[in-house]
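If you want this note's numbering, it's the 1-based position in the sequence shown plus 4. A virtual CB, placed ideally from N, CA and C, is assigned to each residue, including glycine. Fair warning: this is a prediction, and the values are worked out from it, not measured in the lab.
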Amino acid sequence: MIGLVTAITNLAGTWVSAKAESTKATAEAKATALKTAAQSTADWERIMAEASKNSWKDEWLTIVFSIPLILVFIPSMVPHIQQGFNALATLPIWYHEILMVIVLASFGVKAGKGLMEMIGKK
Numbered sequence: 005m006i007g008l009v010t011a012i013t014n015l016a017g018t019w020v021s022a023k024a025e026s027t028k029a030t031a032e033a034k035a036t037a038l039k040t041a042a043q044s045t046a047d048w049e050r051i052m053a054e055a056s057k058n059s060w061k062d063e064w065l066t067i068v069f070s071i072p073l074i075l076v077f078i079p080s081m082v083p084h085i086q087q088g089f090n091a092l093a094t095l096p097i098w099y100h101e102i103l104m105v106i107v108l109a110s111f112g113v114k115a116g117k118g119l120m121e122m123i124g125k126k
């Protein structure tokens, strides 16, 4: 009887050990995957920063988006700005989405899950 209890205890101990090793291996694999993903993101951001050093696209977009902001302070221009935005509102949603992605990407905001959910709610 004692031999049977000892055998069952040893078997249970072996199973617990194997389960712990499996859990540890899974956790280590996940940690490695997260580290690799973080490094890839950091590498991508560094490459994009280097590539945009001599680019005018950010400045160009800032100027373009600032024009209506400035012109609304000139009363005679307000109707023209309103007509322009009314015309923009008639464009297809896909055009708005592409424009949003272009602008956000230009300023370094990634079009991730949150952005895609935001676009989907429109």
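Beta carbon of residue i nearer than 8 Å to that of residue j
i           : j           : result
residue 67  : residue 75  : no
residue 65  : residue 105 : no
residue 110 : residue 62  : yes
Cβ neighbours of residue i in the same chain (closer than 7 Å, five flanking residues each side left out)
i          : result
residue 58 : none
residue 82 : 76
Closest Cα partner of residue i within the set the options
i           : options    : result
residue 103 : 69, 22, 43 : 69
residue 89  : 31, 72, 21 : 72
Nonlocal neighbours in the same chain, by C-beta distance under 8 Å from residue i, ignoring five residues either side
i          : result
residue 47 : none
Other residues of its chain near residue i: CB distance less than 6 Å, five sequence neighbours each side excluded
i          : result
residue 22 : none
residue 10 : none
Residue-level contact to chain B via CB, residue i, 8 Å cutoff
i          : result
residue 58 : Going by chain labels, chain B is absent from the structure shown, which holds only one protein chain.
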